Amino acid sequence: MIAFGVEASQVSNVYDTNQAAAITTTNASSQFYITELLINPDEQNEALFDINKIVDDNTKLRGENIKFQKEITKLHDDNLKLRDDNTKLREDNLKFQEEITKLHNDFKKFREDITKILVNNSRLQGANDTAPNEFNELGN
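So, in structure tokens, the structure goes:
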């Protein structure tokens, strides 16, 4: 079996050394060698085919990963926009509550003013009830 763990993007060459197939990579510290001697040309071709298939599969997976990363980035951006919208709505809500509080206080003052007017009106009404009626006196 083949033993290696190199990323597809690092593979620069796959070749036969006549004793063992080797994979060289763009990362000098990551050179992997197939551990079995591959004397039979069919086995060598099969091993190279397997390596190429792994590289192709890895490339496809990287492409899918890039798509998922783009989707994640879009979802993240959407989430940030929703947070901004939520913050704006909270600010609007606070302003609205301040307006309601102001209207409530204005209404309380209005009620107090009406109460004062009614009390004064009642006093004036009482004063009129006790005052002599000029028309009655003139009529007698």
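Under numbering that gives the first Met the number 0, think of the first position of the sequence shown as 0, with each following residue one higher.
Heads up, the beta-carbon is just placed ideally off N, CA and C, and yes, glycines get one too.
As the structure is a computational prediction, the values presented were derived from the model and not from experiment.
By a C-beta neighbour count over all protein chains shown, 10 Å radius and 16 as the cutoff for buried, is residue 50 buried or exposed?
What you label residue 50 is simply residue 51 of the sequence shown in a count that begins at 1. With 16 or more Cβ atoms within 10 Å of its Cβ, residue 50 is classed as buried.
Output the distance between the C-alpha atoms of residue 113 and residue 119, rounded to the nearest integer angstrom.
Mapped onto the sequence shown, residue 113 falls at position 114. Mapped onto the sequence shown, residue 119 falls at position 120. When rounded, the distance between both Cα atoms is 10 Å.
Taking only the alpha-carbon atoms, compute the straight-line gap between residue 101 and residue 63 and give it to the nearest angstrom.
The residue labelled residue 101 in the question sits at position 102 within the sequence shown. The residue labelled residue 63 in the question sits at position 64 within the sequence shown. One alpha carbon belongs to residue 101, the other to residue 63, and they sit about 57 Å apart.
Determine the direct distance from the alpha carbon of residue 60 to that of residue 140, and round the result to whole angstroms.
There is no way to answer for residue 140, as the model of the chain reaches only from 0 to 139.
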